[in-house]
Amino acid sequence: MNKKKNQVVLRNTLKGYLFLLPNLLGFAFFTVIPVVAVFVLSFTDWNAFKTPNFIGLENFVTMVKDDNFRQSLVNNFTYTLIFVPGTLILALLFALGLNQNIRFKEGFRIIYFLPHITSMVAAAMVWRMIFNDTYGPLSNFLLSIGIDPPGWLSTSKWALLSITIMSIWKNYGYYIVILLAGLAGIPYQLYEAAELDGANKLQKFLNVTWPMLSPTMFFALITCVISSFKVFDAINIMTEGGPGKSTYVLVYTIYTEAFKNYRFGYASSVALVLFAIILLVTLIQWRGQKKWVEYT
Numbered sequence: 033m034n035k036k037k038n039q040v041v042l043r044n045t046l047k048g049y050l051f052l053l054p055n056l057l058g059f060a061f062f063t064v065i066p067v068v069a070v071f072v073l074s075f076t077d078w079n080a081f082k083t084p085n086f087i088g089l090e091n092f093v094t095m096v097k098d099d100n101f102r103q104s105l106v107n108n109f110t111y112t113l114i115f116v117p118g119t120l121i122l123a124l125l126f127a128l129g130l131n132q133n134i135r136f137k138e139g140f141r142i143i144y145f146l147p148h149i150t151s152m153v154a155a156a157m158v159w160r161m162i163f164n165d166t167y168g169p170l171s172n173f174l175l176s177i178g179i180d181p182p183g184w185l186s187t188s189k190w191a192l193l194s195i196t197i198m199s200i201w202k203n204y205g206y207y208i209v210i211l212l213a214g215l216a217g218i219p220y221q222l223y224e225a226a227e228l229d230g231a232n233k234l235q236k237f238l239n240v241t242w243p244m245l246s247p248t249m250f251f252a253l254i255t256c257v258i259s260s261f262k263v264f265d266a267i268n269i270m271t272e273g274g275p276g277k278s279t280y281v282l283v284y285t286i287y288t289e290a291f292k293n294y295r296f297g298y299a300s301s302v303a304l305v306l307f308a309i310i311l312l313v314t315l316i317q318w319r320g321q322k323k324w325v326e327y328t
């Protein structure tokens, strides 16, 4: 009897693994193997044309001395420090508004989410036209009211900020949907109890909405920070890292070193550093959640 039962369990287990096999193979070929390859190549001088030679930590030493890498690191953190709070604050404000009993709120949700599902190529090209110094509608509008427009994408001072604005517009709708899901899970009885205690709107937000929404906000924060370090498409389409190196970020540096300069070993070392930065920032956020995230 036990033998038969064991055979049935084994058969069912094998069937389960058989169904999982396509996903496991995909994960192995497209995630595990590339990650291992990047780790190995980061210690070589491979340029895709010759046999890779082991050079130890030379790529990392070069990286520390590389002005382009340092510039891309500063740009990436600057982008993150503007993009993350800008996106989440905007998403939170709109989510709070759409969570009220207003007319056409379903239509507004669709409108706000549309930028997120729009092709990045199309969105970046449209925003490049908007930011155009000569015929861009934004510059023409500023001129019409007597304001001299800056060189949005043509000057080092404004290029990174312009891309950040476009990225916020492209992504805030996604976080609106996430925060709306979190708001929908807050029991209405808590607001009624707060009203009975004489709480105003701000007090209800601080004492009811924010504590109950904090786990959702924490998830949004983690994903938003990670996505900020992976920015590439908008920069590649709108500025190609320019003017100068003012919009160089880590992923664009990896792309340039690997596919333009054919320094795959060096590009792999930059990718490894990027992974370490994302991991470190995520761990810091994970440790910090204890101070502001409330799980019920």
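Every letter in the sequence shown is one number past the one before it in the working numbering, and letter 59, counting from 1, is 91. Ideal Cβ placement from N, Cα and C applies to all residues, glycine included. It should be emphasised that the depicted structure is a prediction, and the values quoted were computed from it without experimental measurement.
Asked	Found
Residue range of the unbroken alpha helix (DSSP H) whose run includes T119	99-130
Start and end residues, alpha helix (DSSP H) containing R141	137-149
Nonlocal neighbours in the same chain, by C-beta distance under 6 Å from Y206, ignoring five residues either side	H148
Beta-bridge partners of T288, as assigned by DSSP	The partner list for T288 (beta bridge, DSSP) is empty, contrary to what the question assumes.
Within 7 Å, strictly: CB atoms of N91 and S104	no
Segment contact, 8 Å Cβ cut-off, at least three pairs: the region 123-134 with the region 194-214	yes
Alpha helix (DSSP H) segment containing E224, residue limits	220-228
Endpoints, alpha helix (DSSP H) assigned at K189	188-216
Distance between beta carbons of F261 and I200, contact taken as under 8 Å	That belief does not hold up - the Cβ atoms of I200 and F261 are roughly 16 Å apart, past 8 Å.
7 Å Cβ cutoff met for E289 and Y298	yes
T76 in three-state terms, based on DSSP	strand
Outcome for S300 when other beta-carbon atoms lying within 10 angstroms are tallied against a minimum of 16	buried
According to DSSP, residues forming a beta bridge with F86	T76
Distance, M270 Cα to F109 Cα	19 Å
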